[in-house]
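With the working numbering as the guide, the letters of the sequence shown map in order to residues 1 to 227.
Worksheet for the structure shown next.
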Amino acid sequence: MKSYGPQGWWPVTPDGEFTPRYRSGFWGDLSQRERLEIAIGAILTQNTNWGNVCSALERLNRAQVLELEKLSKIKSRTLESLIRSSGYFRQKSRKIKIFAEAVLNRGGSLKNCLSGPLEKTREELLSLWGIGPETADSILLYAGRRPIFVIDAYTLRISRRLGWFRQTSYDKLQKFFESHLPKKSFLYAEFHALFVALAKNHCRVKPLCAGCPIAEFCATGLRAIKA
Numbered sequence: 001m002k003s004y005g006p007q008g009w010w011p012v013t014p015d016g017e018f019t020p021r022y023r024s025g026f027w028g029d030l031s032q033r034e035r036l037e038i039a040i041g042a043i044l045t046q047n048t049n050w051g052n053v054c055s056a057l058e059r060l061n062r063a064q065v066l067e068l069e070k071l072s073k074i075k076s077r078t079l080e081s082l083i084r085s086s087g088y089f090r091q092k093s094r095k096i097k098i099f100a101e102a103v104l105n106r107g108g109s110l111k112n113c114l115s116g117p118l119e120k121t122r123e124e125l126l127s128l129w130g131i132g133p134e135t136a137d138s139i140l141l142y143a144g145r146r147p148i149f150v151i152d153a154y155t156l157r158i159s160r161r162l163g164w165f166r167q168t169s170y171d172k173l174q175k176f177f178e179s180h181l182p183k184k185s186f187l188y189a190e191f192h193a194l195f196v197a198l199a200k201n202h203c204r205v206k207p208l209c210a211g212c213p214i215a216e217f218c219a220t221g222l223r224a225i226k227a
């Protein structure tokens, strides 16, 4: 936190604008529109970077289709065109439409859909085509404000370099963090976002250990310091 500051994940688009923005330190209640944008962003960010997702969300906002009913009814080709920048746009278009239809079938309120018993709600998300653990947990944590830790490729990379695990599953690593941290959604969100910041700035595939805030705790970092 001292090195990177509050992260403000998940970025959302302010009223009257088109592009998502970070809101450092904010963890208040969310509107239906904000929850939906976060959920769609979590689907779009699969296998791509946030810049590409931002471009897709901006196009969706400008087209004024970021509503459940509009997403469920929009022509697939039109939706594919709007989200093309995110990659795998045909599959993601299908995932978005399935997700929107599922929420509508359960009453249309994302807040209600995400506020049931956590394990059951997670299972319902995972039952949807194209929604895996990372996407489901991102939706639950950031759109639902539920205390569930998100594991991504950055978290796995950093954990391995720190020597916590050599090989592990998503569920085991998730349980590791949840058993060592207070069960608070805001803390989980900031912790996860700081892992992302660390991976982007220092703990890359080819690590840049100079200036890394946790280099002294990492075998790779210590070797770089001694070199």
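Backbone N, C-alpha and C fix where the C-beta goes; we use that ideal spot for every residue, glycine too.
This structure is a prediction, so every number in the text was calculated from the model and none was measured.
Would you list the one or two residues that DSSP bridges to residue i?
i	result
R21	V12
Is the CB of residue i under 8 Å away from at least one CB in chain B?
i	result
P207	Looking at the structure shown, chain B is missing, and only one protein chain is on hand.
When the Cα atoms are used, what is the spatial distance from residue i to residue j?
i	j	result
V205	G107	43 Å
L194	C54	19 Å
S3	A199	13 Å
L162	P147	24 Å
C218	C209	9 Å
G116	L187	21 Å
N269	E190	Here the chain comprises residues numbered 1 to 227, so residue 269 is not present and cannot be evaluated.
E123	L104	17 Å
K75	W27	35 Å
V12	Q174	25 Å
G211	R223	14 Å
T220	A136	32 Å
A102	L110	10 Å
G16	K172	42 Å
H192	R77	34 Å
P14	R94	26 Å
L36	I131	15 Å
G51	S138	17 Å
A100	D29	21 Å
Looking only at its own chain, which residues have a Cβ that is under 7 Å from the Cβ of residue i, when we skip the five neighbours before and after it?
i	result
I96	I40, I43, L71, L79
E134	V150, I151, D152
K184	P147
R160	R166
Who are the near neighbours of residue i in its chain, counting only those whose CB is closer than 6 Å to its CB and skipping five residues on each side?
i	result
E89	The amino acid at residue 89 is misidentified as Glu; the sequence shows Phe. Here the set comprises E80, I83.
G8	Y22, R23, S24
K10	According to the sequence shown, residue 10 is Trp rather than Lys. The residues are I38, Y142.
I98	L128, W129
A56	L44, I83, S85, S86
L60	L66, L82
E58	F18, T19
E178	F149
Nearest by alpha-carbon distance to residue i: which of the options is it?
i	options	result
P6	G16, T19, G25	G25
W164	F176, S85, G16	F176
A63	S138, T19, G116	T19
Q46	K92, Q32, Q167, N61	K92
N49	R94, F99, S86, L30	S86
S31	L60, G144, P182, K184	G144
E34	L68, P213, G51	L68
T168	S179, E178, L156	L156
Y154	L181, I131, P207, H180	P207
Is residue i a contact residue of the ligand COA, with contact defined as CB to any heavy atom under 7 Å?
i	result
T155	Of the ligands one can find in the structure shown there are none, so the ligand COA has no counterpart to examine.
Considering only residues of the same chain and omitting the five flanking positions on each side of residue i, which have a CB-CB separation below 8 Å?
i	result
I225	C209, A215, E216
I158	F195, L198, A199, C203
L140	L114, L118, T121, R122, L125, R146, I148
Y170	P133, E134, I151
For the segment 107-137, list the alpha helix (DSSP H) runs that are entirely contained and at least 4 residues long, ordered along the chain. For the segment 107-137, the continuous alpha helix (DSSP H) assignments of 4+ residues that do not extend past its boundaries occur at 110-113, 118-126, in sequence order.
Taking the runs of the alpha helix (DSSP H) that are 4 residues or longer, which of them lie wholly in the segment 139-177? Runs of the alpha helix (DSSP H) inside the segment 139-177: 153-161.
Threshold first: 3 residues or longer. Then list the beta strand (DSSP E) segments lying entirely within the segment 190-226, N to C. If only complete runs of 3 or more residues are kept, the segment 190-226 shows no beta strand (DSSP E) anywhere.
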